[in-house]
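Read in order, the letters of the sequence shown correspond to residues 791 to 1014 in the numbering used here. We treat Cβ as the ideally placed atom computed from N, Cα and C, and that holds for glycine. A quick note: this is a predicted structure, and the numbers were derived from the prediction, not measured. Okay, structure first, notes after.
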Amino acid sequence: MLKILLIADVHGEIEKLSRFIKSFRERDFDLVLCPGDFTDMFNIPEGYTQTDVAEIVLQKLISLGKPVFCIPGNHEPYEILELFNEYGVNLHAKSRKFREFEFIGFGGATTPFNTKFEPTEDEIRESLWRLKPRSNGRTILVTHCPPYGTVVDKTETGEHVGSKTIRDFIEKEKPILAFSAHIHEAGGVDKIGRTVIFYPGAIFNNSYGLVTIDKEVKCETKKF
């Protein structure tokens, strides 16, 4: 059995994250996943850089006392990857093993807002196919951008804005799970074939996720 704590879209809300960590009493979990937007490019405290904010957030995640895997969100500067590498938590454009599971990660997302970490569909495709799963039936995909045409890529206007490349990868490679973030109003659980799709919502909206993988996959959105 594997139990994952999913913390997404902090957006520099360090006080909210601190409140969550202080109130969080669950200790029966194995791994922390953060699928991006540690920071917010439009909300940087005076005297700090985004990398400073990201490091504070990362240290708080590490304080939970479990292994941590991270990818960047679209708000992040590319320099955040150096920070992730320094702390040994980087999952962006990488495949990493944890127990019997293979985690494949890719961060960033295309937006109309000219944010900092916006890979093209071609860049996503090239990276994901290079990381083609090797663990039969034990692969978990972690992306900031959600797959296209699901409950987790639907905006308030009803438009689907996710990545068709990510959806195509899921349809072909059939990971057991696909985690995403990014569309704050679109939390929930969905499926593409046998793959469970999950985004618990943003931590700054008091939401986080607990995922249990045993004989079945159980995804829970929690509030604090």
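Per the DSSP calculation, Gly895 is bridged to which residue(s)? His882 and Val932
Backbone secondary structure at Thr905 - three-state DSSP: coil
Beta-carbon separation (whole angstroms), Leu851 vs Val843, contact threshold 8 angstroms: Contact flag wrong, Cβ pair sits at about 13 angstroms.
Should Met831 be labelled buried (16 or more other beta-carbon atoms within 10 Å of its own) or exposed? buried
His801 versus Pro862, Asp943 and Glu1006, residue with shortest Cα-Cα distance: Pro862
Verify the contact flag: Asn996, CB atom, against every heavy atom of the ligand MG, threshold strictly below 8 angstroms. Of the ligands one can find in the structure shown there are none, so the ligand MG has no counterpart to examine.
Assuming Ala844 is part of the alpha helix (DSSP H), what are its boundary residues? Gln840 to Ile852
In chain order, what residues of the same chain have a beta carbon less than 6 angstroms from the beta carbon of Asn996, not counting five sequence neighbours either side? Lys1013 and Phe1014
Note down the Cα distance separating Ala883 from Phe896, rounded to an integer number of angstroms. 5 angstroms
C-alpha distance - Cys1009 paired with Phe988, whole-angstrom precision: 7 angstroms
Can you tell which of Gly948, Ile834, Ile966 and Gln840 has its C-alpha closest to the C-alpha of Glu1006? Ile966
Helix, strand or coil at Leu1015 [DSSP, three-state]: Missing from the structure shown is residue 1015; the chain here goes from 791 to 1014 and no further.
Leu848 versus Pro825 - alpha carbon distance: 12 angstroms
Buried or exposed: Glu805, going by 16 or more other Cβ atoms within 10 Å of its Cβ? exposed
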